[in-house]
Structures are given as structure tokens and as C-alpha cells.
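Shown next, in C-alpha cells, is the structure this report addresses.
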Amino acid sequence: METKLNADWFKDAKWGVFCHYLPTPPHNREGRHLTSEEWNERVDAFDVEGLAKQLESVGAGYFFLTLGQNTGHYCAPNATYDSIVGIEPSKCSRRDLVSDLYEALAPKGIKLLVYLPSGAPNGDPVAMEKLEWENGYTGPGIRHNRQRTGKRLAEFQRKWEAVITEWSLRWGNKVSGWWIDGCYFADEMYRHADEPNFGSFAAAMKAGNPDSIVCFNPGVIVPVITHRTEHEDYLGGEVIRAFPVCEGRWLEGVQYHILSFLGKDWGHGEPELPDEFVIGYTKHVNEREGVVTWDVPISHQGLIEEPFIRQLKVLRQALSVSAG
1 METKLNADWF KDAKWGVFCH YLPTPPHNRE GRHLTSEEWN ERVDAFDVEG
51 LAKQLESVGA GYFFLTLGQN TGHYCAPNAT YDSIVGIEPS KCSRRDLVSD
101 LYEALAPKGI KLLVYLPSGA PNGDPVAMEK LEWENGYTGP GIRHNRQRTG
151 KRLAEFQRKW EAVITEWSLR WGNKVSGWWI DGCYFADEMY RHADEPNFGS
201 FAAAMKAGNP DSIVCFNPGV IVPVITHRTE HEDYLGGEVI RAFPVCEGRW
251 LEGVQYHILS FLGKDWGHGE PELPDEFVIG YTKHVNEREG VVTWDVPISH
301 QGLIEEPFIR QLKVLRQALS VSAG
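Numbering-wise (this note's numbering), the sequence shown opens with residue 1 and increments by one.
What follows is the structure, given as C-alpha cells:
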């Protein structure tokens, strides 16, 4: 498999920051969802300049922003999504937070990437029905222990690709990459010679920027794996408190990448990993030309919480000394 030259900048960046900017805290998914107006007020209050200054202060090479997740609220307009789901008022924000954040980050040399689930918002039954989405797991327990009932869901995929294509064309080169969550049923959904498949899914994300890097996250699997498709540029690399050894830059032709959190969970809690570990593991992966992304909590106003800024500054200092 060919290696991915479009991932060179990602390798050179070495490490970056990920934030879950969502209408509800990660562990309150069943709580009251915000109204459209409440969501718009929150997105309007997002301090893009303040966040850009924070990211510059810690030396982050790039930043991942969640477009949305399970509630059906998204932080940028999308007429295709609105026309399909028919929800009024729209749960897509009026403000294009992605474009505004790009304008704040670009002068500082910080790349912007976005997060999106591979499926429709599971907390929005109207959107699930209109998008023709079905969750592929049944039964109790965590997702990896449930019974698999994955289907191709071709009609859903075509609709979801159309939604993604509109965003990608809107943003063009402002977005440098996509991290697609929940690709647990790759064989059933994407591994086909005819579209929709891995190729058409990747093409939707790259519609506005052919050099955009994309990954298809298979879930928490250690050692980390690829989906063995030419259309994947870097590893999803999601790990939770089990950090694998990096053997080198490429894993089956895909850029090595690890994503984990510094808090108690995704977007939640106080720092739990010792500074020495965060420094040592980041160094380990970077020395083998891999990339590490650290998830940290973010406020409703779009600012990273101070204990994590402190830890990221310690990381920056240690890596600078090591490089020097």
C-alpha cells in the first residue's frame, strides 16, 4: 500500500489538541437537549480568538473540533441536512463556527480538523428516521460486546455523504482533515466495489480539499489497527488507558496516530495522567514519526480549562528542551 504524502504536515506537527464541543456533557447524553435558540446562543458565544491564543501558548500544531454528535446539534449551517431531516427551527447553528475558528487559527499556523460520527445522531429519533439510519448493535453491555447487526445502509450513506459534501465544499482548504467516529461495521457498510463505499465516503470529505486527511475509527482496539483501505490517510488510533508501542511512522501504509484524553474521560474531569507520562509517551510516538492527539475539556465559551493549559505548557516545554 502506498504511503500518504498528504499526511507529511501531520507527522511534522507531532502533536495537537482535540475538544468535544457538545450541547451536553459527555456523561449526560440522556439529559435535556438544548433548544435550537439555546444552541445558537452558545455557539455565538464561542471565543475563537481566545481559544486560538490558548492553542498558540501551548504550541499545538493542530486542533480538532467536533461538528456534533448524538443530539443532532451541529456547529455550522447545512442546508442539505436541514432539507433531509425537516426539523424547524434548524438544529444546525446559524454561525459557521468552523470558518470563524479557521480565521483565528490560520494566522498562528495551527491547522484545523473536524470530528463527525459515521452515523446519524442516535439521540434524535426524527433525524434517524429521515436519514434512514439504524444502530448496528443490540443487547446490553459496551458496544464491543454487543451482538452485531450491521447492515450496508446504502440510502443512509448516500444522504450522509451529501451532508458531508456540502460542508466540505463550504470550507475548502480551511479544513485539513476529518476524524470519522464509529466505523465499527466497515465490512458491511464500506468494503464494496460499488458506491457507496470507502471511496465515496472519503470523496465526500475531500470534495472541498483533495489534500484533506481522513480516518475511519474502528473503535478502541489495542494494538491500534487500520481498516486496510487505500482511502484512509491516518489511524483513528483511539485508546483508553492502554497505550501501545509505536513501531514506526507507517502501519500498513497509514500514518500512525494515537488519540486519547488527559482528563477522566472524553471532554470531562480533571487531569489524571502524570506530566511525566504525557511527556514520555508523546516523545516515544514522535521519535518514531507518529502523531499524538490529546483530548481536553472545553467550556461552553470555547476555552480550554486552565489545569489542562498548564499540563500542555509543561509538555511543550519538555518537547522543546528535547528537540534542542
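Where a beta carbon is used, it is the ideal one built from N, C-alpha and C, also for glycine. In this text, all values refer to a predicted model and were calculated from it rather than measured experimentally.
Legend entry - Sheet register partners of cysteine 75 (DSSP bridge): Under DSSP, cysteine 75 forms no beta bridge with any residue.
Inset, instruction - For the alpha helix (DSSP H) containing lysine 53, list its first residue and its last residue. - result: For lysine 53, the enclosing alpha helix (DSSP H) begins and ends at 48-58.
Inset, instruction - Alpha carbon to alpha carbon, how far is arginine 288 from phenylalanine 201? Give it in angstroms, no decimals. - result: A straight line joining the alpha-carbon of phenylalanine 201 with that of arginine 288 spans about 30 Å.
Inset, instruction - Enumerate in chain order the residues of its own chain whose CB-to-CB distance from glycine 333 is below 6 Å, with the five nearest sequence positions on each side excluded. - result: What is shown of the chain runs 1 to 324, which leaves residue 333 out entirely.
Inset, instruction - Determine, using beta carbons only, whether serine 220 and glutamate 238 come nearer to each other than 8 Å. - result: Correcting the residue identity first, residue 220 is valine in this sequence and not serine. By the CB criterion at 8 Å, valine 220 and glutamate 238 fall inside the cutoff.
Inset, instruction - Ignore the nearest five residues each way along the sequence and tell me which others in aspartate 211's own chain have a CB closer than 7 Å to its CB. - result: Scanning its chain for C-beta atoms nearer than 7 Å, with the 5 sequence neighbours on each side dropped, one finds around aspartate 211 the residues Asn6, in chain order.
Legend entry - Test item: CB-CB of valine 292 and tryptophan 15 under 8 Å: Going by C-beta atoms, valine 292 is nearer than 8 Å to tryptophan 15.
Inset, instruction - Can you tell me which of His300, Ala323, Asp295 puts its alpha carbon nearest to the alpha carbon of leucine 55? - result: The shortest Cα separation from leucine 55 among His300, Ala323, Asp295 belongs to Asp295.
Inset, instruction - Count the other C-beta atoms from every protein chain shown that fall within 10 angstroms of the C-beta of asparagine 173, then say buried if there are 16 or more, exposed otherwise. - result: That one is exposed.
Legend entry - Span separating the alpha-carbon of threonine 66 from that of glycine 267: Each residue's Cα considered, the two are about 11 Å apart.
Legend entry - Euclidean distance between Cα positions of aspartate 47 and valine 175: Across the structure, aspartate 47 and valine 175 are spaced so that their CA atoms are roughly 19 Å apart.
Legend entry - Beta-carbon spacing of cysteine 92, tyrosine 115 below 8 Å: For cysteine 92 and tyrosine 115, no; Cβs fall outside 8 Å.
Legend entry - Three or more C-beta pairs below 8 Å linking the region 250-259 and the region 214-231: In short, these stretches touch, since the Cβ pair count reaches three.
Legend entry - lysine 248: first and last residue of the uninterrupted beta strand (DSSP E) it sits in: Before going further, note that residue 248 is glycine rather than lysine in the sequence given. Neither: glycine 248 is in no beta strand (DSSP E) and is coded neither H nor E.
Legend entry - Through-space distance from valine 98 to asparagine 28, alpha-carbon basis: Caution is warranted here: a pLDDT of 48 is assigned to asparagine 28, below 50, making its placement in the model unreliable, and the coordinate value is therefore given only provisionally. Roughly 25 Å between the two C-alpha positions.
Inset, instruction - Could you check if arginine 241 is buried or exposed, using at least 16 other CB atoms within 10 Å of its CB as the buried criterion? - result: With fewer than 16 other Cβ atoms inside 10 Å of its own Cβ, arginine 241 counts as exposed.
Inset, instruction - Throw me the rounded Cβ distance for the tyrosine 62 and lysine 111 pair, which I believe falls under 8 Å. - result: A Cβ-Cβ distance of about 4 Å is found for the pair tyrosine 62 and lysine 111, placing them in contact under the 8 Å criterion.
Inset, instruction - Could you check if glycine 311 is buried or exposed, using at least 16 other CB atoms within 10 Å of its CB as the buried criterion? - result: Glycine is not the amino acid found at residue 311; the sequence shown has glutamine there. By the neighbour-count criterion, in which 16 or more other beta carbons inside 10 Å mark a residue as buried, glutamine 311 falls on the buried side.
Legend entry - Where tryptophan 179 sits in the DSSP three-state scheme: The answer is strand: DSSP assigns tryptophan 179 an E or B state.
Inset, instruction - Using only alpha-carbon positions, find the residue among Tyr184, Glu88, Trp171, Asn217 that is nearest to lysine 206. - result: Distance from the Cα of lysine 206 is smallest, within the candidate group Tyr184, Glu88, Trp171, Asn217, for Trp171.
Inset, instruction - Please state if the CB of glycine 236 and the CB of phenylalanine 185 are separated by a distance shorter than 8 Å. - result: Not a contact, by the Cβ cut-off of 8 Å.
Legend entry - Rounded separation between asparagine 286 and threonine 35 - CA only: Pairing asparagine 286 with threonine 35, the inter-Cα distance amounts to about 43 Å.
Inset, instruction - Could you check what DSSP says for serine 260 in three-state terms: helix, strand or coil? - result: Strand.
Inset, instruction - Might you give, ordered along the chain, the residues of its own chain that have their beta carbon closer than 6 Å to the beta carbon of threonine 80, omitting 5 neighbours on each side? - result: Excluding residues within five positions, the ones whose Cβ falls inside 6 Å are Ala162, Val163, Glu166.
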